[in-house]
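**Student:**
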Amino acid sequence: MSIQNEVKDLIIPIDRKIQQIDIKSQYIDLAEPIHLYGQVNVTKLLAEYGINKEPHLNTQQHVERSTLQIGVDEAGRGPLLGSVNVAAAILPMTWAGLIEAQPLKDTPLSILTDSKQLSEKKRDILYPLVQQHAIGFVIAEIPAAVIDQVNILQATMLGMRLCTEVLLEIIAKHIATSMMQFEVLFDGNRCPNIDYVMLAKLGIETSKIDCQAWVKGDARHTSIAAASILAKVSRDTAMYMLDTEHPEYGIAKHKGYPTKAHIEAIEKYGVLPAHRRSFAPVRKAIES
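Heads up: the sequence shown is residues 1 to 288, going by UniProt numbering.
#1: Give the straight-line distance between the Cα atoms of Pro273 and Val282, rounded to the nearest whole angstrom.
#2: Nearest by alpha-carbon distance to Thr67: which of Phe279, Arg190, Ile266, Gly97 is it?
#3: Quick test of your reading: Ser223 and Gln69, contact by CB under 8 Å. State the CB separation rounded to the nearest angstrom.
#4: Taking the CB atoms as reference points, tell me whether Ala88 and Gly71 lie closer together than 9 Å.
#5: Enumerate in chain order the residues of its own chain whose CB-to-CB distance from His262 is below 6 Å, with the five nearest sequence positions on each side excluded.
#6: By the three-class DSSP mapping on this structure, what secondary structure does Ala285 have?
#7: For my contact list, Ala31 and Val146 are in at a C-beta cut-off of 8 Å; report their separation, rounded to the angstrom.
#8: Ile111 and Lys122 look like a contact to me (Cβ under 8 Å); what is the Cβ gap, rounded to whole Å?
#9: Where are the beta strand (DSSP E) runs, 3 residues long or more, that stay fully inside the region 121–186, in chain order?
#10: Within a Cβ cutoff of 7 Å, which residues of the same chain sit near Thr156, ignoring the five residues on either side of it in sequence?
#11: What's the call for Ser207, buried or exposed, on a 16-neighbour Cβ count within 10 Å?
#12: Give the range of the alpha helix (DSSP H) segment to which residue 314 is assigned.
#13: Relative to the C-alpha of Pro13, which candidate in Leu167, Tyr27, Tyr127 has its C-alpha closest?
#14: Does the pairing of the region 263–270 with the region 124–144 give three or more beta-carbon distances under 8 Å?
#15: For Ser119 and Ser178, what's the separation of their Cα atoms in angstroms?
#16: Can you list, in chain order, the residues of its chain with a C-beta nearer than 7 Å to that of Leu104? Leave out the 5 residues immediately preceding and following it.
#17: Less than 7 Å between C-beta atoms, sequence neighbours within five positions excluded: which residues of the same chain meet that for Glu205?
#18: State the start and end residues of the unbroken alpha helix (DSSP H) segment that holds Leu242.
#19: The beta strand (DSSP E) spanning Val86 covers which residue range?
#20: How would you write the range of the alpha helix (DSSP H) that Val197 sits in, first residue to last?
#21: In terms of DSSP beta bridges, what is Thr249 paired with?
#22: Please list, in chain order, all residues of the same chain as residue 300 whose beta carbon is under 6 Å from its beta carbon, the five residues on each side excluded.
#23: Helix or strand or just coil, what does DSSP make of Thr67?
#24: On the DSSP bridge assignment, give the partners of Gln72 in chain order.
#25: What three-state label does DSSP hand Lys17 in the structure shown?
#26: Quick check: what's the CA-CA separation for Ala134 versus Arg277?
#27: Please check if any C-beta of chain D sits within less than 9 Å of the C-beta of Gln102.
#28: Sorted by chain position, which residues of the same chain lie with C-beta nearer than 6 Å to Val184's C-beta, five sequence neighbours on each side aside?
#29: In the DSSP assignment, the beta strand (DSSP E) including Ile209 goes from what residue to what residue?
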């Protein structure tokens, strides 16, 4: 089927629930499923990364044109309540770069930067725009039960790994990857353990994947900043929904973080199923 003859872009939706996973070479059943959702715009992917479109390019130009960047970030490592959300985003090639170089100037994402530096109103404006203009994106919700099961660091790393692998898997199924390079930028000081064996079977060799950890990367790279918006707003949305179910906890205000009001609500009303039982204030409330 010819993509060029399609009126609309070809969109591959992502909607997966992961119940079993290998962590540190151990295959485990997760306490609750990890939900991943998003999409890849195959039409945009082919337009920007289709191989041999311009054979006149020299080697250096070809490398620049065939390097696909994925930004990955998380939201919600510190709260006592709810999921930690991880997101990955692939921006159009000319939009991906250092924020200070202003690659987003005169684009619909011109106000994009680290989500923590933006007002909630601006984050809410950017959230659908990132999804609309990204070549691909995926959001992972790692529930409190999994955080308690494997600890918050491993839960976050697991989310980063799954987001990266899902996007690379879909990319490998729709374009030739033999001459491509992949740059995966993670916010923070470490990279997750990617399943390179699985990706190699799909045609993406380990040598083709350059994983980089960037401390405060969401304030440096546009792709990480885009992922930070997706992670932050998706988590906040879940907190607002939980607030409507349990208004007495004031979740809309503290969003699960260990404020004085949140601690007092736990002491007064008890622990919710969505609370992270391995976190000290919640564990203390359970034990008291």
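From the three backbone atoms N, C-alpha and C, an ideal C-beta is built for every residue, glycine too.
Just so it is clear, the structure is predicted and the values come from calculations on it, not from any experiment.
**Tutor:** Short version:
#1: 11 Å
#2: Gly97
#3: 5 Å
#4: yes
#5: His254
#6: helix
#7: 6 Å
#8: 6 Å
#9: 136–142
#10: Glu74, Arg77, Val84, Val86
#11: exposed
#12: Outside the displayed range of the chain (1 to 288) lies residue 314, so it cannot be described from this structure.
#13: Leu167
#14: no
#15: 42 Å
#16: Trp95, Ser110, Leu112, Thr222
#17: none
#18: 222–245
#19: 84–90
#20: 196–201
#21: According to the sequence shown, residue 249 is Tyr rather than Thr. According to DSSP, Tyr249 bridges with nothing at all.
#22: What the structure shows of the chain is the stretch from 1 to 288, and residue 300 is not part of that stretch, so it cannot be assessed.
#23: strand
#24: The sequence as given places Val at residue 72; Gln does not occur at that position. DSSP output for Val72 lists Ala88, Phe186 as bridge partner(s).
#25: strand
#26: 36 Å
#27: In summary, chain D is missing from the structure at hand, where a single protein chain is found.
#28: Ile70, Thr164, Cys211
#29: 209–214
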